[in-house]
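Protein chains in written order, with the UniProt record's numbering: chain A, 1 to 448; chain B, 1 to 448.
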């Protein structure tokens, strides 16, 4: 029986420390070279050679200021601060590669769909159809304050905006220009056929956009849509729009349950559940022997900054754990779970935790990190996929680029030997869904 | 006596036809390859080798729909439609060059200063301090309709918004991060010194932005500010903010008068008038002999589309010339002159024109185009500079890349022999204002 191929994305951020707490002090870490485009080009080339599917650029802006009521900790450890624009890294990396995909992150709460549709069309053109779009709704208060709001917009309202935002984008991408509109007819002096370019005339609750789209159709038209929502509104949004979901879950059982829930909702929305691919974040430390891998793990653990991790957790959960009695109990509810870390708890049966337990858990290095030989890691990745129904992983780096290079050099060849590496095709959507499937059927349907 | 060096920028747009009407049909034109990043990299390398100062990316979005009350003409001739995002072209071109500057265009009416400040900081980092920002206020009705407005915002209000917009950006770029904030102090576990990163706490009429800036200081902090306003509010804005002005004027006398007017206003705002450099658009057709240059001109003229030029003129002036009696008279007034083409007339004593005169003038190929041998063109450029006090030119292309390559290969060596080529330095601002002047003193002052 042919084994299901596994998709690997590298998760990265355009900042000083990546997604790694305290490891910037490790002598091998080069993430602070993020302003040198060659840093990114080197990584993109390496993961393309290694068989990765895509480079996924997360984004976060605002200085997390919930922990101790101040942004001081986040700033001190450069915890996702500063944070540069991710999209601008893509054209150079695309130029240096041939079939690697690139996903970038956009906030539907603080951008306008006109600009986003235009930027993504431009990127899809420049990359020849290798673009994905990660849709986020920006729930952080310190982000809201950049835009004149003292409080973030309420959760369900953000998703309602996001829904209309994507609807506008789909109309621009899918419904404004017919195929064949660009004639380039020198003899008859017709460059573009005006009869095939249409206003979208969108009149919604949030946006009014006349159109037509200012970009001609790009190879994929609509970028591959990524989403990571875990609340009810978030899962509904994913089921309606996403082609790739960044699934949450602290246990494999929880991941499996979330996958089933999203696929079920997708069917409710008239979609084929197989048209949504499921990704989970994964970190791995690999070495030729288990002893070396363990040693590497212990070394990294010594650089780990628990306080940096706490600043992030408090910022995203909204709870200042430093201000609470360590023996008090935190209870997570589904409606509060509008962000990733806290949401990971909601899928477990026990939703209450002592504050000290949470602090210890957040500060600890190692939860979910795979440590071992190439064979160990490959075994474990295969079993995770087989157990949960996941389609792939977003690999998180610990020390950049070391973690990435070691994974590419040691784990990917092992997975390749096992027939588990997904083949890349010319567009990102074809790589994910098969030759000839460049076009986003779901977006096209929702644009009507 | 040392001759004043002349700065040359190439004016370009990320679209199918550049700024050229009908020339897309010429067999040498390759502008429709705009979605291939190599098209841009080749041009950037060529003009860097040739001694240009910068590549200037204009921008326009919306389908011009005033002419005949429809966007049909603009679409048919691909007249600045489609129009892709210009900023995304810059990182790859910067990677392929070492000291060429890059200016991009941003609308302060339809973007938020947070996003713009972040994007420009990212670009200034990625280019190592080679970024300029062309500020426009987007007066076109078809653009307004992408953002839910049936009418564009009134002219003076747009400039008031632009003024506060730049004020927010200056605070983020100049006042949020002190020098030395990035410590990268491994021993003491301090990556960034929180005491040196400040909120901007901007509370204005239009924007409320708490800060701090999410980007660390880039080599120039504030990009070199370009502006092209020609109305009274526009000239005031330029005098207050601009470091480079795109001066209007149909005659050299008008150009000279506009330069004097802006420099005078700059003094009123407490600036050194020499801190503003003046650029004028220029097109040239060069060949080894005058006969060949003339032949080239005639050939290009045969491809010229008068109707495409009319669609642009009507879109920007707001007058549908096709709907007016050709014998009626158009009178331009300063308050109406909130855009470039019509504004060119306001500096002349006679402000009234027969409609047919305007139609003929707009449709004609050749106004202001220099045609001749390298010596002819160099002579004329030198005399224009000496006569008007201009500091440089924005070169417009006719057939891309032919026009550019011929200018670089033939005119630039001639100007170099005459000691007229400005030397490039490592940052864009140093190239324009001298070694050691990377920092924007005006922005820094206005940020306080």
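Beta carbons: idealized from backbone N, C-alpha and C, even for Gly.
Bear in mind that the values here come from a model prediction, so they are computed numbers and not experimental data.
Check whether the Cβ atoms of residue i and residue j lie closer than 8 Å to each other.
i	j	result
residue 430/B	residue 420/B	no
residue 54/A	residue 222/A	no
residue 43/A	residue 100/A	no
residue 427/B	residue 229/B	no
residue 102/B	residue 392/B	no
residue 375/A	residue 321/A	no
residue 139/A	residue 233/A	no
residue 308/A	residue 21/A	yes
residue 12/B	residue 61/B	no
residue 397/B	residue 50/B	no
residue 191/A	residue 16/B	yes
residue 280/A	residue 432/A	no
residue 83/A	residue 214/B	yes
residue 387/A	residue 252/A	yes
residue 93/B	residue 136/B	no
residue 119/B	residue 88/A	yes
residue 363/B	residue 310/B	yes
residue 353/A	residue 330/A	yes
residue 124/B	residue 220/B	yes
residue 404/B	residue 10/B	yes
Classify residue i as helix, strand or coil using the three-state DSSP reduction.
i	result
residue 264/B	helix
residue 185/B	strand
residue 23/A	helix
residue 291/A	helix
residue 122/A	helix
residue 385/A	helix
residue 450/A	Since the displayed chain A opens at 1 and closes at 448, residue 450/A lies outside it and no answer follows.
residue 83/A	strand
residue 354/A	strand
residue 35/B	coil
residue 338/B	Note that residue 338/B scores 39 on pLDDT, short of 50, meaning its location in the model is unreliable; the coordinates nonetheless yield the value given after this. Residue 338/B falls in the coil class under three-state DSSP.
residue 6/A	strand
residue 282/A	strand
residue 56/B	strand
residue 346/B	With a pLDDT of 37 at residue 346/B, under the threshold of 50, the predicted position of this residue should be treated as unreliable, and no value is reported.
residue 96/B	coil
residue 372/A	strand
residue 102/A	strand
Here's a check: name, in chain order, each residue in its chain whose Cβ is nearer than 7 Å to the Cβ of residue i, leaving out the five neighbours to either side.
i	result
residue 263/A	273 and 276
residue 151/B	141 and 144
residue 205/B	164
residue 318/A	66
residue 75/B	63 and 81
residue 261/A	235
residue 341/B	Since pLDDT at residue 341/B reaches only 40, below the 50 mark, its modelled position is unreliable, and the value read off the structure follows with that caveat. If we look at residue 341/B and ignore the five residues flanking it on each side, its Cβ neighbours are 313, 316 and 317.
Tell me, to the nearest whole angstrom, how far the beta carbon of residue i is from that of residue j; I am working on the premise that it is less than 8 Å.
i	j	result
residue 212/B	residue 167/B	The Cβ separation is near 16 Å, so there is no contact.
residue 86/B	residue 126/B	No, residue 86/B and residue 126/B are not in contact; Cβ-Cβ is about 15 Å, not under 8 Å.
residue 64/A	residue 155/A	That pair is no contact at about 18 Å.
residue 45/B	residue 96/B	6 Å
residue 401/B	residue 355/B	The pair is not a contact, with the Cβ atoms about 37 Å apart (cut-off 8 Å).
residue 209/A	residue 113/A	7 Å
residue 157/B	residue 181/B	Not really, about 36 Å apart at Cβ, beyond 8 Å.
Apart from the five residues just before and just after residue i, which ones in its own chain have a Cβ nearer than 8 Å to its Cβ?
i	result
residue 366/A	297 and 301
residue 411/B	284, 286, 374, 377, 378 and 381
residue 117/B	168, 169, 172, 173, 213 and 215
Excluding five sequence neighbours on each side, which residues of the same chain lie with their C-beta closer than 6 Å to the C-beta of residue i?
i	result
residue 134/A	103, 105 and 226
residue 241/B	166 and 225
Is residue i close to the ligand ATP? I mean its beta-carbon at under 7 Å from any heavy atom of the ligand.
i	result
residue 355/A	Looking at this structure, you won't find the ligand ATP or any other ligand, since it has none at all.
Continuous alpha helix (DSSP H) assignments of at least 4 residues falling wholly in the segment 305 to 333 of chain A:
Listed in chain order, the complete alpha helix (DSSP H) runs (minimum 4 residues) inside the segment 305 to 333 of chain A are 306 to 317.
What are the start and end residues of each continuous beta strand (DSSP E) run of 3 or more residues lying completely inside the segment 105 to 181 of chain A, in chain order?
With a minimum length of 3 residues, the continuous beta strand (DSSP E) runs that stay inside the segment 105 to 181 of chain A are 131 to 136.
Length at least 3, wholly inside the segment 377 to 448 of chain B: the beta strand (DSSP E) runs in chain order
Annotation note: the segment 377 to 448 of chain B contains the following uninterrupted beta strand (DSSP E) runs of length 3 or greater, listed N- to C-terminal: 392 to 396.
Can you list, in chain order, the stretches of the alpha helix (DSSP H) that have 4 or more residues and sit fully within the segment 177 to 245 of chain A?
Complete alpha helix (DSSP H) runs here, min 4: 232 to 241.
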